[in-house]
Amino acid sequence: MEAITRRQFLGVGAAGAAGAGVLGVSALGFDVTEASQVKQRLRIEGATVSHSVCPYCAVGCALLAYTRQADDGHVELLQIEGDPDSPVNEGTLCPKGATSLELAVSRRRVPAPLYRAPGATEWSQVSWDFALEKLARNIKTSRDRTFVTSDGDGNVVNRCEGIAFAGGAAFSSEEGYLATKLMRGLGIVHLEQQARV
Ligand code: SF4
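So that you can map any letter, position 157 of the sequence shown is 261 in the numbering used here, and since no number is skipped, the others follow by simple counting.
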């Protein structure tokens, strides 16, 4: 079969599209009538626009959130973007802020705690009560076992050396503040934040 160049292919497509209005069938052999009649509908058509602020850091970039009531009555969050009228961010968002929609609506979010028992190879879904109880017990056991009141030189340090904490990049500023306060209160000194790594 004779090879067709990219230029020839595009030429055939253009000729077909031009003739399609008359014939309904492009030179490439398929009917483009239906495709040419498709009307574009914006995803945010008819949506309510609300003003908000990005929760991720103290820069405080302004957001526009688009919502619409779905047929079943619940309000859908359709889109979040930077507010062009804000003197702080002038419509722009950093990569983290640009994904803030995912903070509220994410199909990939795991909706319930998962637990893999010692020796098990599979994760199983557990209740929030089970997960919180398990976490509290493990933290208490590790803290009691590894709490140090003074260092080798006799200085009072009162710190827990057996637990480390890594905050997630999807923490809001308030969640980060609360987590840090809790960890410091427990005497934990090994603190890190995923967004810094
Ligand atoms: S968009 Fe980025 S820079 Fe702006 S507030 Fe959010 S995290 Fe901070």
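The C-beta atom is built at its ideal place from N, Cα and C for all residues, glycine as well. These numbers were taken from a predicted model, which means no experiment stands behind them.
Item to check | Where the beta strand (DSSP E) through asparagine 259 begins and ends | outcome: In this chain, asparagine 259 is not harboured by any beta strand (DSSP E), its DSSP state being neither H nor E.
Next on the checklist: Quick check on aspartate 187: buried or exposed, where buried means 16 or more other Cβ atoms within 10 Å of its Cβ?
Outcome noted: buried
Checklist entry - In chain order, what residues of the same chain have a beta carbon less than 6 angstroms from the beta carbon of alanine 273, not counting five sequence neighbours either side? => result Gln298, Ala299
Checklist entry - With a CB to CB cut of under 8 angstroms and the five nearest residues on each side skipped, what residues in its chain are close to arginine 263? => result Phe251, Val252, Gly291, Ile292, Val293
Next on the checklist: Any heavy atom of the ligand SF4 inside 8 angstroms of the beta-carbon of tyrosine 160?
Outcome noted: Checking the Cβ of tyrosine 160 against the ligand SF4 gives yes.
Item to check | Helix, strand or coil at aspartate 135 according to DSSP, with G and I counted as helix | outcome: Three-state result, aspartate 135: strand.
Item to check | Sheet register partners of serine 228 (DSSP bridge) | outcome: Tyr219
Checklist entry - Grouping DSSP H, G and I as helix and E and B as strand, with all else coil, what is serine 190? => result Here serine 190 sits in coil by DSSP.
Item to check | Top-ranked residue by Cα proximity to serine 276, from Leu168, Ser204, Ser140, Thr109 | outcome: Ser204
Next on the checklist: Just list the residues that DSSP pairs glutamate 180 with in beta bridges.
Outcome noted: Answer is Arg172.
Checklist entry - Under a three-way DSSP split, which group does glycine 150 fall into? => result coil
Checklist entry - Span of the beta strand (DSSP E) holding leucine 295? => result 292–297
Next on the checklist: So, does the stretch 227–236 touch the stretch 172–191, judging by three or more C-beta pairs under 8 angstroms?
Outcome noted: Output reads no: the stretch 172–191 does not touch the stretch 227–236.
Checklist entry - Does the beta carbon of leucine 197 fall short of 8 angstroms from some heavy atom of the ligand GDP? => result Ligands displayed in this structure: the ligand SF4; the ligand GDP is not among them.
Checklist entry - According to DSSP, is threonine 245 helix, strand or coil? => result Reduced to three states, the DSSP call for threonine 245 is helix.
Next on the checklist: Could you check whether the stretch 190–208 touches the stretch 151–161, counting it as contact only if at least three pairs of C-beta atoms, one from each stretch, sit closer than 8 angstroms?
Outcome noted: yes
Next on the checklist: Taking the alpha-carbon of serine 210 as reference, which of Pro222, Ser254, Lys143, Glu180 has the nearest alpha-carbon?
Outcome noted: When only C-alpha atoms are compared, the closest one is Glu180.
Item to check | Cα-Cα separation between isoleucine 267 and glutamate 296, rounded to whole angstroms | outcome: Roughly 12 angstroms separates the two Cα atoms.
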